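Q: Read left to right, the sequence shown gives residues 1 to 142 (the UniProt record's numbering).
Ideal placement from N, C-alpha and C gives every residue a C-beta, glycine not left out.
Bear in mind the structure is a predicted one, so any value in this text is a computation, not a measurement.
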Amino acid sequence: MESNFDVIVIGSGPGGYVCAIRSAQLGLKTACVELSNTLGGVCLNRGCIPSKSLLNSSELYHKAQKEFNNLGIETTNIKLNLSKIMNNKKKTVQTLTKGIEFLFKKNKITHLKGKGSIVSSNTVTVTDDSKKKTSYKTKNIV
Numbered sequence: 001m002e003s004n005f006d007v008i009v010i011g012s013g014p015g016g017y018v019c020a021i022r023s024a025q026l027g028l029k030t031a032c033v034e035l036s037n038t039l040g041g042v043c044l045n046r047g048c049i050p051s052k053s054l055l056n057s058s059e060l061y062h063k064a065q066k067e068f069n070n071l072g073i074e075t076t077n078i079k080l081n082l083s084k085i086m087n088n089k090k091k092t093v094q095t096l097t098k099g100i101e102f103l104f105k106k107n108k109i110t111h112l113k114g115k116g117s118i119v120s121s122n123t124v125t126v127t128d129d130s131k132k133k134t135s136y137k138t139k140n141i142v
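#1: For the stretch 5–46, list the alpha helix (DSSP H) runs that are entirely contained and at least 4 residues long, ordered along the chain.
#2: Here's the rule: buried if 16 or more other CB atoms are within 10 angstroms of the residue's CB, otherwise exposed. What is residue 160?
#3: Indicate whether V7 and T138 have their beta-carbon atoms separated by less than 8 Å.
#4: Where does the unbroken alpha helix (DSSP H) through N88 begin, and where does it stop?
#5: So what does DSSP say about S120, is it helix, strand or coil?
#6: Starting from the C-beta of L80, find all residues in its chain whose C-beta is less than 7 Å away, skip the five residues before and the five after it, and write them out in chain order.
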């Protein structure tokens, strides 16, 4: 694997993946370090997006129970299926993470899996799951 980059972005959260994509679009050889197996950071994988998906489902359930009858929509025996709600949340997250993966491939961004550490102004070390450390040279670190 190539070990010299114009830009290395540490973290693939909402700021990181956008920065990496834009850097690559501007012609810079770009890598993005992410500890997780999936891109998108905490927000996309375990935080904002999953919780908003669950909140949306619960809000729709509440409206179906309490408000639809007032609109002339009869909803007798309405049931909540938690496993389907959780599956919908999972599909939403997967769709968005696959979108980021596609954009990384399209823009030729290298995904460095592991924990990134800045060791100098032009060197990032990535420690993978097996504790193996690999150093990468770069002109810019974000």
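A: Taking the geometry as given:
#1: 14–25 and 41–45
#2: Missing from the structure shown is residue 160; the chain here goes from 1 to 142 and no further.
#3: yes
#4: L82 to K106
#5: strand
#6: Y61
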